[in-house]
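Position one of the sequence shown corresponds to residue 1 (UniProt numbering), numbered consecutively onward. The beta carbon of each residue, even a glycine, is placed where N, CA and C say it ideally should be. Remember, predicted model here, so these are calculated numbers, not experimental data. One structure below.
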Amino acid sequence: MLPLPSVWSSSRRPSIPWTSSGSSVWLFCCSSRTAFNLETCRLMISMLDRDMSGTLGFNEFKELWAVVNGWKQHFVSFDSDRSGTVDRQELEKALTNMGFRLSPQAVSAITRRYSTRGKITFDDYIACCVKLRALTECFRRRDTSQQGFVNFQYDDVSQL
């Protein structure tokens, strides 16, 4: 795991709020040594924005840092050809390893959504992981009987 930059490891609160605005996203992306696109950064922030304020507090940022580093290690471990991308087969293995039981059709749809010419970059892998995490959490909250079936209203889906 990459160490948290010293500016954030102190007990002082950062002077810049962790929002999806350009400057804060830039700060996060530079500090993580990964060039995430703006939409991926927005997805990551919304994943941990529990009060729906559009911002992350210091502890939430530290949690995001840890989650992204875990996904990075996971990505690297399944990038078997060391190309810096994962293909459909590598993605399927990674998702299965994370505990997702997806049909081949679902994996193909995910690959089409997040790949360019069949290759998924780390940025898109993170976006995919964030979306799958959000969908899974939403599904689990509604599947109280753990039957694998839920009903969604339009408003529920629009918030994903």
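On the three-state DSSP scale, how would you describe residue i?
i	result
L56	strand
V150	coil
T144	coil
S24	For S24, the predicted structure reports a pLDDT of 46, less than 50, and the residue's modelled location is therefore unreliable. A value from the coordinates is still provided. Note: S24 maps to helix in three-state DSSP.
Quick check on residue i: buried or exposed, where buried means 16 or more other Cβ atoms within 10 Å of its Cβ?
i	result
E39	exposed
L95	buried
D81	exposed
R141	exposed
A109	exposed
D156	exposed
E90	buried
Going by the beta-carbon positions, is the gap between residue i and residue j smaller than 9 Å?
i	j	result
D123	F36	yes
L43	K119	no
T111	D87	yes
For residue i, list the residues DSSP reports as bridge partners.
i	result
K119	T116
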